[in-house]
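For the sequence shown, my numbering begins at 83 and goes up steadily by one. All C-beta atoms in this analysis are idealised placements derived from N, C-alpha and C, irrespective of residue type, glycine included. Below is one structure, written out as structure tokens, with a few remarks after it.
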Amino acid sequence: MHTPLRRVRHSIDILQKNFYEYHHGSGHSLSNKNIQSSQRCQKFIQLIEESCMIIQALFVRFIFIFSTVIAVWRLVEETNQTHYWYLLLLLIFLLIETYATVYTRKGYEYKWFCPSALAYLCAIVPCIWLLELNQSYDSLLITNQTMISLPIPEQRVSTNLPDELQHLRRRKRLLSTMLTTTKKPDLSIDDVLKTTQDILIKLNKHLTIREWHMIIEQMTLLVLILSRWLLPKGEMTREELSQLLLVYIGIAADIIEFFEVFREKEVRTNIKLSVLVLLLWTFSLLQFCLAFTISRGRKSRLVIKEEPERRFFCSPSDFWGMLMSLFLQDIPFFCFRAVLIFHYHILSYSTVFFTSKNGLIIILQWYRITVILATTISQGRRDQGGLIEVIQMNTNDKRSGTNESNRLSVEI
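Quick look at the structure:
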């Protein structure tokens, strides 16, 4: 009688054990499934973020290419020389940089350097040089022909007007034939062609050469600022990016003011001065490739342990940013405007005002740099003096302790 009861109990125990193992194993399988699903979600989210960053980076590079094409197109339009289209080959540096950034860094930019901006400048700066020098040569030809007794009107100045008129007539004929031959039921194509034709005709009628140059130069600065805003931040925080963009806007305003010297007739008709203006302008644009002007972000207000005082009363990035703005922008601009005033006797209101402004900025920046260095040196000396006092106190305490121990040993 006892043996069947034991068998029944044994079978019940086995069933309970199997039931427990079944539930325990199913829990593990469910947890593993949850982990796998969460990992898949994380990978999917990471893939979406990386794809968005890559699209962002490619969109900014497309803006670079589009603005460069506009500059080259304008150069070909003014000079009527089609071989300037070969300047688009300079975009190969931008394409190489795009491949390297997208393939190696997934579209993320460096914190202290922007190689895409440098590649963009390598492509568009030669176009602006040729545009400005072409206008300077035209102005010089007019002065040599003694045709500037009256003020020059704000019109398109060109030495080969018949060729230019023929070129415009050909283009109008081409656009008219395109509009007449593409009459199809699809009206959107006709509308696009009509709008492009109207825009081209209006721009050629209402904009002068100088206005075109101003648009291209200011477009270059605007593209540099917007590109830094749209590019993936990488290691840079949002606060640092906002500070950098504000600094870039100030730099762009100073550069636009510097190009106002081309309004002076003595500068425009002097090829050496024109080349010097373009050279200083090119050096000042290098500030958009570097990001030394950003400062460190704010630290957390929750302090667990008291930290020692900072030895440098300004972040190193701010310090190098001040030096960079001085040697790439303020000092060269001041020296050039001073040469215009004292050597060429150009005493216009804008030249005198901006020269005094650059001089005041240089004085204030040097004063700030000297104050930072002086406070840093004095703080370092104080720290050294405090260390010496602490060492002396420790040595005195050790000596007093040894003397007391010697006295106690003698008394004993």
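Proximity of Ser218 and Ile353 at Cβ, strictly below 8 Å: yes
Where the alpha helix (DSSP H) through Gly332 begins and ends: Arg320 to Phe340
Beta-carbon proximity check, Phe424 vs Asn440, cutoff 8 Å: no
Simplified DSSP state of Pro235, which is helix, strand or coil: With a pLDDT of 48 at Pro235, under the threshold of 50, the modelled position of that residue is not reliable, and the figure given next carries that caveat. Pro235 falls in the coil class under three-state DSSP.
Reduced DSSP secondary structure (H/G/I, E/B, other) of Leu372: strand
Distance, Asp336 Cα to Leu213 Cα: 21 Å
Alpha carbon of Glu348 to alpha carbon of Phe435, nearest angstrom: 18 Å
Nearest-angstrom beta carbon gap, Gln447 and Leu499 [assumed within contact, 8 Å]: Nothing can be reported for residue 499, as the shown portion of the chain is limited to 83 through 494.
Strand pairing of Phe195, partner residues [DSSP]: Leu372
Chain-order list of residues whose beta-carbon lies under 6 Å from that of Leu157 (same chain, five-residue window excluded): Tyr166, Cys209, Leu212 and Leu213.
Residue burial classification, Gln227 (beta-carbon count within 10 angstroms, cutoff 16): exposed
Under the three-state DSSP convention, the category Gly316 falls into: Coil, per DSSP.
Where the alpha helix (DSSP H) through Trp496 begins and ends: Nothing about residue 496 can be reported from this structure: the residues present for the chain run from 83 to 494 only.
Chain-order list of residues whose beta-carbon lies under 6 Å from that of Asn242 (same chain, five-residue window excluded): Residue confidence for Asn242 is low, a pLDDT of 47 falling below 50, so the modelled location carries little weight and cannot support an answer.
Cutoff 6 Å; reference Ser356; Cβ partners in own chain excluding five residues on either side: The beta carbon of Ser356 is closer than 6 Å to those of Ser218 in its chain, skipping five residues each way along the sequence.
Local conformation of His427 per DSSP, three classes: coil
Same chain, Cβ closer than 6 Å to Ile136, five either side skipped, listed in chain order: Val184 and Gly189
C-alpha gap between Ile178 and Thr351, whole angstroms: Ile178 and Thr351: Cα-Cα distance of roughly 39 Å.
Pairwise C-alpha distance: Leu304 and Phe126: 35 Å
Reference Leu140, options Glu191, Thr225 and Leu367, closest by Cα: Glu191
C-beta neighbour in chain C for Cys134, strict 8 Å: The structure shown contains no chain C; it holds only a single protein chain.
Cβ-Cβ separation, Ile445 to Phe401 (assumed contact under 8 Å), whole Å: About 18 Å separates the beta carbons of Phe401 and Ile445, which is beyond the 8 Å limit, so they are not a contact pair.
Residues of its chain near Phe344, where Cβ-Cβ distance is below 6 Å and the 5 sequence neighbours each way are ignored: Arg350
Beta-carbon proximity of Ala199 to Leu173, cut-off 8 Å: Cβ distance not < 8 Å, so Ala199 and Leu173 don't count as in contact.
Pick from Leu327, Glu321 and Gly316 that is closest to Leu306, judged by C-alpha positions: Leu327
Backbone CA spacing between Gly316 and Ser120 [nearest angstrom]: 25 Å
Buried versus exposed, by CB contacts within 10 Å (16 or more), Leu73: With the chain running from 83 to 494 in the structure shown, residue 73 is simply not present.
Gly462 (DSSP reduced to helix, strand or coil): DSSP places Gly462 in helix when its eight states are reduced to three.
Residue closest to Trp194, alpha-carbon to alpha-carbon, out of Leu422, Gln369, Ala456 and Val421: Gln369
Backbone CA spacing between Ser438 and Ser133 [nearest angstrom]: If you take the alpha carbons of Ser438 and Ser133, they lie about 50 Å apart.
Cβ shell of Met404 (< 8 Å), same chain only, five flanking positions each side left out: Gln447, Arg450 and Ile451
Residue of Thr457, Thr180 and Trp155 minimising C-alpha distance to Trp36: With the chain running from 83 to 494 in the structure shown, residue 36 is simply not present.
Span of the alpha helix (DSSP H), counted from its first residue to its last, around Lys354: Ile353 to Leu367
Between the CA atoms of Ala201 and Phe175 - distance to the nearest angstrom: A direct Cα-Cα distance of roughly 6 Å separates Phe175 from Ala201.
Glu160 and Ile291 closer than 8 Å at C-beta: Yes; because the gap between Cβ atoms is below 8 Å, this pair is in contact.
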